[in-house]
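Beneath this line is the structure, given in structure tokens, with notes to follow.
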Amino acid sequence: MDDKIWKHVVAGAAAGWMIAFVTCPLDVVKTRLQAKSVQSAQQAQSAGFVKQLGTIWKQEGLRGMYRGLGPTLVGYLPAFSIYFPTYHFCKVRLSAWRGTPAGEDAVVHMISAMTAGAAGNLSTNPLWVVRTRLMTQHVLGDRIYSGALDAFSSIWKEEGLRGFYKGATVSVVGVSHVAIQFPLYEWLKRIQVSDPADLSPLNILLASTVAKVLASTVTYPHEVIRTRLQIQRSQHSRFMGVFNVIRKTFKREGIRGFYRGLYANIVRVIPASGVTFVTYELIVKHLNVK
Numbered sequence: 001m002d003d004k005i006w007k008h009v010v011a012g013a014a015a016g017w018m019i020a021f022v023t024c025p026l027d028v029v030k031t032r033l034q035a036k037s038v039q040s041a042q043q044a045q046s047a048g049f050v051k052q053l054g055t056i057w058k059q060e061g062l063r064g065m066y067r068g069l070g071p072t073l074v075g076y077l078p079a080f081s082i083y084f085p086t087y088h089f090c091k092v093r094l095s096a097w098r099g100t101p102a103g104e105d106a107v108v109h110m111i112s113a114m115t116a117g118a119a120g121n122l123s124t125n126p127l128w129v130v131r132t133r134l135m136t137q138h139v140l141g142d143r144i145y146s147g148a149l150d151a152f153s154s155i156w157k158e159e160g161l162r163g164f165y166k167g168a169t170v171s172v173v174g175v176s177h178v179a180i181q182f183p184l185y186e187w188l189k190r191i192q193v194s195d196p197a198d199l200s201p202l203n204i205l206l207a208s209t210v211a212k213v214l215a216s217t218v219t220y221p222h223e224v225i226r227t228r229l230q231i232q233r234s235q236h237s238r239f240m241g242v243f244n245v246i247r248k249t250f251k252r253e254g255i256r257g258f259y260r261g262l263y264a265n266i267v268r269v270i271p272a273s274g275v276t277f278v279t280y281e282l283i284v285k286h287l288n289v290k
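The letter at position 102 of the sequence shown is residue 102 when you use full-length UniProt numbering, and the numbering goes up by one with no holes.
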């Protein structure tokens with residue numbers, strides 16, 4: 001392995017923890033909006049973005065805003081520690097194999113991003129299932145988990161290993177998100193400065209924000225489908241599989257149903273992408289990784 005890979009692990013982990021703290025409240029709102037179709041009619045009335053945010057603050061306080069933070073912090077550590085080093089490793093190796101500059105080959109960026117995305121998603125899916133359950137439990141009317149450990153234990157006892165991998169198939173399909181985001185991010189960096197060493201935080205912020213917003217909007221439906229799969233607690237759940245979720249969502253809510261929480265997601269990804277990539281790029285630069 002490249003002896004500098006560990007530096008990408010450090011930078012990726014730091015970026016992941018920063019993003020977890022900054023965006024957790026918006027994640028809670030977005031996740032609850034995505035789960036809207038399984039709420040009662042009374043609960044669904046408070047499902048607008050601003051109103052949902054106010055409702056959480058009023059009814060649950062600061063603690064409600066940070067539900068699921070524990071699994072998020074634990075999840076982002078391996079997710080970003082795996083994602084960025086894998087992306088860097090694949091980009092360098094594939095570029096060398098194709099004989100192209102590492103920062104200028106869109107095909108290399110797409111393959112590297114999809115490989116890294118699949119590795120990160122599959123390795124951390126159990127943590128995202130727990131996080132989603134904790135974020136939505138107070139609006140779904142099911143039994144309440146006392147915390148992350150209780151959620152892990154209950155899912156294992158009631159649903160087995162399979163319960164931790166609900167939504168995993170959709171997550172793998174969702175790597176199309178990074179297949180759009182990373183080539184676009186690399187291209188936007190390249191058109192701003194000719195030498196990567198000259199990238200400023202503002203350059204990184206602009207490139208990462210535009211790339212993330214566009215990629216998130218195009219691929220957003222997969223997030224709604226994944227959330228609705230992850231909140232299922234038994235084989236008797238309303239939604240049973242990927243195609244069943246798609247069919248029922250379209251039948252009951254139309255195309256709009258696949259975009260529940262999109263506004264909250266866009267509001268979230270602006271600080272999220274900025275914090276993630278600025279933190280990552282600056283730490284890598286500080287550690288003198290070429």
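Heads up, the beta-carbon is just placed ideally off N, CA and C, and yes, glycines get one too.
- If you draw a straight line from the Cα of residue 183 to the Cα of residue 107, it comes to about 8 Å.
- For residue 92, the enclosing alpha helix (DSSP H) starts and ends at 69-98.
- Across the set 64, 90, 110 and 207, the C-alpha of 207 shows the shortest separation from the C-alpha of residue 275.
- In terms of Cβ geometry, residue 130 and residue 71 form a close pair [threshold 8 Å].
- Taken through DSSP and simplified to helix, strand or coil, residue 224 comes out as helix.
- Here residue 50 is exposed. Its C-beta has fewer than 16 other C-beta atoms within 10 Å.
- In its chain, beyond the 5 residues on either side, 280, 283 and 284 have a beta carbon closer than 6 Å to the beta carbon of residue 11.
- Membership of residue 273 in the alpha helix (DSSP H) is indicated by the continuous run 262-286.
- With three or more CB-CB distances shorter than 8 Å, the region 263-272 counts as touching the region 19-26.
- Within the UniProt repeat "Solcar" (104-191), the alpha helix (DSSP H) runs of at least 4 residues that lie entirely inside it are, in chain order, 106-140, 148-163 and 168-173.
- By the neighbour-count criterion, in which a residue is buried when 16 or more other Cβ atoms sit within 10 angstroms of its Cβ, residue 81 is buried.
- Contact between the region 156-165 and the region 120-134 is established, with three or more Cβ pairs separated by less than 8 Å.
- With respect to residue 94, residue 112 sits close: the two C-beta atoms are nearer than 8 Å.
- Sorting 257, 117, 120 and 147 by C-alpha distance to the C-alpha of residue 69 places 147 at the top.
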